[in-house]
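Notes follow once the structure below has been shown.
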Amino acid sequence: MLKGTHHTAIICSDYEKSKYFYTVVLGLKIIDENYREERDSYKLDLQLPDGTQVELFSFPDFAPRAGYPEALGLRHLAFSVESIDLTCKHLQSFAVAVEPVRIDPYTGKKYTFFTDPDNLPLEICEL
C-alpha cells in the first residue's frame, strides 16, 4: 500500500535563514518556490537525491515546539549519509553544532543529531 515517504513539511520562523540552511548547508535542491499572498506565507519545495521532498513553510503566526526532542508528534527528521564523519565536518564548517557520534546498539550503524535554525531535531544516519 504505502510506497515510501513523499515529503516532510516544516514550518520555520525565519524563512530566509531556513532556506539558506536547507539549500546551502544541507544541499537540498530547490524544486519550486512560491509566495502565497492570501496566507502571507512562502512554500519552498526541496528535494533530496533519492526523490524524497521537504516542504518549507513560513507563516506569520506559529506555535513554538513544545519540547526537545520528546514533544508529542514528530520526534525528528533523519537523513541517510554515506559518511557520518565527512557530513559532521561539513556541518561544523557552517558552525552547526553536532552531537557526539553514537553507534546504534541494534544496527551497529553510526548516527548523530543536530538542529535546524528553529531547533528542530535532525538526525544523520550512516548507510
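So for the sequence shown, our numbering puts the first residue at 1025; every next one is plus one. Yeah, the Cβ is synthetic: ideal placement off N, Cα and C, and Gly gets one too.
Burial state of residue i, where buried means 16 or more other Cβ atoms lie within 10 Å
| i | result |
| --- | --- |
| D1140 | buried |
| L1050 | buried |
| S1082 | buried |
| I1148 | buried |
| P1145 | buried |
| V1078 | buried |
Nearest candidate by alpha-carbon position, reference residue i, set the options
| i | options | result |
| --- | --- | --- |
| K1027 | T1076, S1082, L1080 | T1076 |
Run of the beta strand (DSSP E) containing residue i, from where it starts to where it stops
| i | result |
| --- | --- |
| S1082 | 1077 to 1082 |
| H1031 | 1031 to 1036 |
| T1136 | 1134 to 1139 |
| R1053 | The sequence given here places Lys at residue 1053; Arg does not occur at that position. Taken as a continuous stretch (DSSP letters only), the beta strand (DSSP E) holding K1053 covers 1053 to 1060. |
| E1157 | With the chain represented from 1025 up to 1151, any question about residue 1157 goes unanswered, as that position is not in the structure. |
Residue i: CB within 7 Å of a non-hydrogen atom of the ligand ADP
| i | result |
| --- | --- |
| L1098 | The ligand ADP is not part of this structure, which contains no ligands at all. |
Limits of the unbroken alpha helix (DSSP H) element including residue i
| i | result |
| --- | --- |
| D1109 | 1108 to 1117 |
| E1040 | 1039 to 1044 |
Looking at C-beta atoms only, is the number of pairs between the stretch 1039 to 1058 and the stretch 1067 to 1074 that lie closer than 8 Å three or more? yes
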